[in-house]
Amino acid sequence: MGYSQLDRVKGLIDSLNQHTKSAAKSGAGALKNGLGQVKQAGQKLILYIPKDYQASTGSSLNDLVKAAEALGIEVHRSEKNGTALAKELFGTTEKLLGFSERGIALFAPQFDKLLNKNQKLSKSLGGSSEALGQRLNKTQTALSALQSFLGTAIAGMDLDSLLRRRRNGEDVSGSELAKAGVDLAAQLVDNIASATGTVDAFAEQLGKLGNALSNTRLSGLASKLNNLPDLSLAGPGFDAVSGILSVVSASFILSNKDADAGTKAAAGIEISTKILGNIGKAVSQYIIAQRVAAGLSTTAATGGLIGSVVALAISPLSFLNVADKFERAKQLEQYSERFKKFGYEGDSLLASFYRETGAIEAALTTINSVLSAASAGVGAAATGSLVGAPVAALVSAITGIISGILDASKQAIFERVATKLANKIDEWEKKHGKNYFENGYDARHSAFLEDTFELLSQYNKEYSVERVVAITQQRWDVNIGELAGITRKGADAKSGKAYVDFFEEGKLLEKDPDRFDKKVFDPLEGKIDLSSINKTTLLKFITPVFTAGEEIRERKQTGKYEYMTELFVKGKEKWVVTGVQSHNAIYDYTNLIQLAIDKKGEKRQVTIESHLGEKNDRIYLSSGSSIVYAGNGHDVAYYDKTDTGYLTFDGQSAQKAGEYIVTKELKADVKVLKEVVKTQDISVGKRSEKLEYRDYELSPFELGNGIRAKDELHSVEEIIGSNRKDKFFGSRFTDIFHGAKGDDEIYGNDGHDILYGDDGNDVIHGGDGNDHLVGGNGNDRLIGGKGNNFLNGGDGDDELQVFEGQYNVLLGGAGNDILYGSDGTNLFDGGVGNDKIYGGLGKDIYRYSKEYGRHIIIEKGGDDDTLLLSDLSFKDVGFIRIGDDLLVNKRIGGTLYYHEDYNGNALTIKDWFKEGKEGQNNKIEKIVDKDGAYVLSQYLTELTAPGRGINYFNGLEEKLYYGEGYNALPQLRKDIEQIISSTGALTGEHGQVLVGAGGPLAYSNSPNSIPNAFSNYLTQSA
1 MGYSQLDRVK GLIDSLNQHT KSAAKSGAGA LKNGLGQVKQ AGQKLILYIP KDYQASTGSS
61 LNDLVKAAEA LGIEVHRSEK NGTALAKELF GTTEKLLGFS ERGIALFAPQ FDKLLNKNQK
121 LSKSLGGSSE ALGQRLNKTQ TALSALQSFL GTAIAGMDLD SLLRRRRNGE DVSGSELAKA
181 GVDLAAQLVD NIASATGTVD AFAEQLGKLG NALSNTRLSG LASKLNNLPD LSLAGPGFDA
241 VSGILSVVSA SFILSNKDAD AGTKAAAGIE ISTKILGNIG KAVSQYIIAQ RVAAGLSTTA
301 ATGGLIGSVV ALAISPLSFL NVADKFERAK QLEQYSERFK KFGYEGDSLL ASFYRETGAI
361 EAALTTINSV LSAASAGVGA AATGSLVGAP VAALVSAITG IISGILDASK QAIFERVATK
421 LANKIDEWEK KHGKNYFENG YDARHSAFLE DTFELLSQYN KEYSVERVVA ITQQRWDVNI
481 GELAGITRKG ADAKSGKAYV DFFEEGKLLE KDPDRFDKKV FDPLEGKIDL SSINKTTLLK
541 FITPVFTAGE EIRERKQTGK YEYMTELFVK GKEKWVVTGV QSHNAIYDYT NLIQLAIDKK
601 GEKRQVTIES HLGEKNDRIY LSSGSSIVYA GNGHDVAYYD KTDTGYLTFD GQSAQKAGEY
661 IVTKELKADV KVLKEVVKTQ DISVGKRSEK LEYRDYELSP FELGNGIRAK DELHSVEEII
721 GSNRKDKFFG SRFTDIFHGA KGDDEIYGND GHDILYGDDG NDVIHGGDGN DHLVGGNGND
781 RLIGGKGNNF LNGGDGDDEL QVFEGQYNVL LGGAGNDILY GSDGTNLFDG GVGNDKIYGG
841 LGKDIYRYSK EYGRHIIIEK GGDDDTLLLS DLSFKDVGFI RIGDDLLVNK RIGGTLYYHE
901 DYNGNALTIK DWFKEGKEGQ NNKIEKIVDK DGAYVLSQYL TELTAPGRGI NYFNGLEEKL
961 YYGEGYNALP QLRKDIEQII SSTGALTGEH GQVLVGAGGP LAYSNSPNSI PNAFSNYLTQ
1021 SA
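Just so you know, the UniProt record's numbering puts the end of the sequence shown at 1022, numbered straight through with nothing missing.
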């Protein structure tokens, strides 16, 4: 409760104190005067019939008069027409009841209008003159109801008028107060009649109440409450409200024949004033809340009536509570419309529960508050000799008894509402032969398919498959759970339900047994069987799906009003997936939950065992353990679609190609899907229900230094790592690894391997064999081992090294790279950026393009090295000697500069003019331009020799061309092709993985695509 609410309640308490103090100062004469005024105002009901009134079709004026006379109601036929009479008595033609000097005026036209809101009622007018509670005709019943309400209101004015006058310092007449009571009764009748489904039902149920409670003494009231008649016909909420009203009507029953007149008067005045008068307000507040919830307007008169609640020391919190409940009911009713079309009305049932119990809650809270005020007021009056001490004691006792009865009866009334809902559920299940709550999940799933159809229908195209097998899980639904708890059926509600749906060509297929002759999905046994499907297929878990197994639920009592529905899961140790046998398929397990924590905190894993087909398959794995038998074809395992932890891939013990052990370390920063047990709390009055259910959450799943999951991969040709720092250890066979995101360490070991670092700062070791190493984005370190290696640094500042091997290709890519060649034959291409390239003793080829930056070449030996200016002619470059270095300048904006700021803007060949030890040659023997023209190193040396007087020139001026008509490019192209093909890029040497082959791969840098692309580019440029 906030500060403003506390302040408000304190104000109410202060108001109550002033209320009782004023009562204590009042005199006996004032009490008599007030009673006299009320009596003078008239307590009889008079039926006013205007001169021009004609009864509506289906009823008769005689029937109306006859019914009134049978009940002792005076009939007055006025000489005035309806409009004039209504304005005189009521101020408007729309009022049902008014106040006159002779008594309470009942306006016949309005009363007839009320009766004829329902055609059944108008057809049944006429009949006997039996007493209230018997089978009266509808007109008599309605008139009797009015008498009952009016008697309640009038009897309740006496003490209230004196207390209010004394408290407010106003001279308010009893007649005015009585008139207010009549207005109250009129408003109540109109509102309650409107709140029921029909006027017919309203009248009939009042008759039942009268019959049930007539001549009942206080001592028998409690038992009567437990046997109230069925009031369901009166519409949502009214049976609860009318039940409370009937309890309050016990104050009249106190006036039994054994009580003396003084006791009856005191009890009748005090109890009816403080209970009935204020119950009227409570019911009106309920009606207002109901109207607001229904989007209807409220009248100013009723709004003013509710405002007087504060003056009578009733806590406004009770009304806030009922307003909240009706707002909840409104929301539920709106929500329910979506699912009614799918055959589920549980949300509407829940809304009715909120409506009915909201009325009970507000009314009972109000009654108890008023009873306390009544007892205190009479006690104060007794102190001031307004009433005798015995009367005060009796009133105090009576209020205590009624409070006890109400408190004892509240739970029974709540349970009656709950039982009514439970009975409706039982009837539905008997009719349909199905679990009601499961039907709720079915409706939720149908709505889900409707909402997500556009997304689901795109999967065929997105994954390039003919059929999509979509598995979804409807998780625990709080509305379904609440309804199950309220109706004491928690054991019947599961934690959710899993579904399988099929899509082809973007259309949802009906689950026709003729088309799907095998059970594809069995979540109880943990089996998925796609072997009968003869199409390219995607198996995808669209939403997180619980671990396989059966739920067992047991409801038991844990206290007087406390109940617990416990959950036990007979879980399976693994899922078994039988894949599509003769077509390519994709298996996405990333939303299949494998890690679970039970309610005791014990952890368990569920393994996925996959038996795939003979074609090319892709499998997306999750954070738990898996066993994959991939079969024939080129099969790819992915670990980058969800957080699978810190991974180590190990093929060092493999006896066959494609065998790997994958260790997953789930540290504290790894968030994974895990299954947990949660509890929903439901209250039905004093009764509390706790329902355990399975749910899932994305959070860490660690134990000590981390719990490890392990995958066994069999016949998997390609692996995509996680988005964390992974370690890969290859086998003695061909390995294809992708690091994905993260700073990865990749060791190819033996075999002809294809290793991708992808994003992150990766370290890649090729090991023995002809390996392809691709760094990707990031600052990578690529190290080729024995064999012919193809290294591509990709974007970032990379370091590429080869130490052995007859042939090597080193591509720096974008960034400032360092390339180290071996003593074999090396092909260097530094790429965009400022690179440093170290040649070896073998036959090296250096490639340079005009968009590259400043490259520095350190050539350490060899007598047959070549520099290819792939898109530059000799007229576009100039040569200059600076010390022992030969610099190559390129034109900038069409101008060739020789200046220290421009020198070497293309290439610097270190120590060109420096004699190495033992005749070491640091020169590049041949430089070839884009047209095939070439110049030899000795000619460049001669042009810049001491004594020539110049140290710079451009190729065009010096006519560097050798061999008129000879083109050096064809031979150079053959040399480049030999180097590249020796690494396996063009020959398919890597396990027969050719360009364009390799199955359905997610990465654009699929096996050999990058090496082959560069190979084609390099050879074409040569």
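Think of the CB as a built atom: it goes at the ideal place given N, C-alpha and C, for glycine as much as any other residue.
As the structure is a prediction and not an experimental result, all values here were calculated from the model.
Cα-Cα separation, residue i to residue j
i	j	result
E692	R488	14 Å
E88	G358	39 Å
A968	K664	55 Å
L136	I73	In this predicted model, L136 has a pLDDT of only 34, less than 50, meaning its place in the structure is not dependable; the value taken from the coordinates is given anyway. Going from the Cα of L136 to the Cα of I73 covers about 15 Å.
F568	D598	9 Å
Y897	G793	32 Å
L106	I49	9 Å
G571	G549	4 Å
G984	I720	22 Å
A412	S683	14 Å
V500	G433	22 Å
G932	G775	32 Å
Close beta carbons around residue i, own chain, < 6 Å, minus the five adjacent residues each side
i	result
D911	D884, N922
G468	A quick correction: the sequence has Val, not Gly, at residue 468. Excluding residues within five positions, the ones whose Cβ falls inside 6 Å are Y459, N460, F503, L538.
Q557	Y563
F729	D650, Q652, Y747
L810	L791, L800, L819, F828
A654	S731
K430	none
Local Cβ density within 10 Å of residue i, reported as buried at 16 or more and exposed below that
i	result
E345	buried
L698	exposed
I764	buried
G996	Below a pLDDT of 50, predicted positions are generally treated as unreliable, and G996, at 27, falls in that range; the measurement from the model is reported next regardless. Burial call: exposed.
E333	buried
L349	buried
N423	exposed
D798	buried
S464	exposed
V417	buried
P109	buried
G894	exposed
E717	buried
A668	exposed
Q54	exposed
residue 1056	The requested residue 1056 is not part of the displayed model; the chain covers only 1 to 1022.
E900	exposed
Y756	buried
Q978	exposed
Residue closest to residue i, alpha-carbon to alpha-carbon, out of the options
i	options	result
L47	D112, K87, A329, E900	D112
L841	I619, T895, I924, D780	I924
L647	K890, I597, D711	D711
G658	K671, V670, G633, V676	G633
F803	G778, D768, I528, D795	D768
L827	D844, N816, N834	D844
G784	K507, G748, G815	G748
R338	F353, I413, V670, D442	D442
I480	G613, G579, Y335	Y335
Nearest-angstrom beta carbon gap, residue j and residue i [assumed within contact, 8 Å]
i	j	result
D735	G751	6 Å
A630	D617	6 Å
Beta-carbon contacts of residue i that lie in its chain and below 7 Å, excluding the five residues immediately before and after
i	result
K678	Y693, D695
Y561	K686, R687, S688
D876	K890, R891
Same chain, Cβ closer than 8 Å to residue i, neighbours up to 5 away in sequence not counted
i	result
Y852	G830, G831, V832, G833, D835, A906
S623	Q594, L595, T642, D643, T644, G645, K664, L666, V670, V672, L673, F701, A709
Residue-chain proximity (residue i, chain C), Cβ-Cβ < 8 Å
i	result
G633	No chain C appears in the structure shown, which is made up of a single protein chain.
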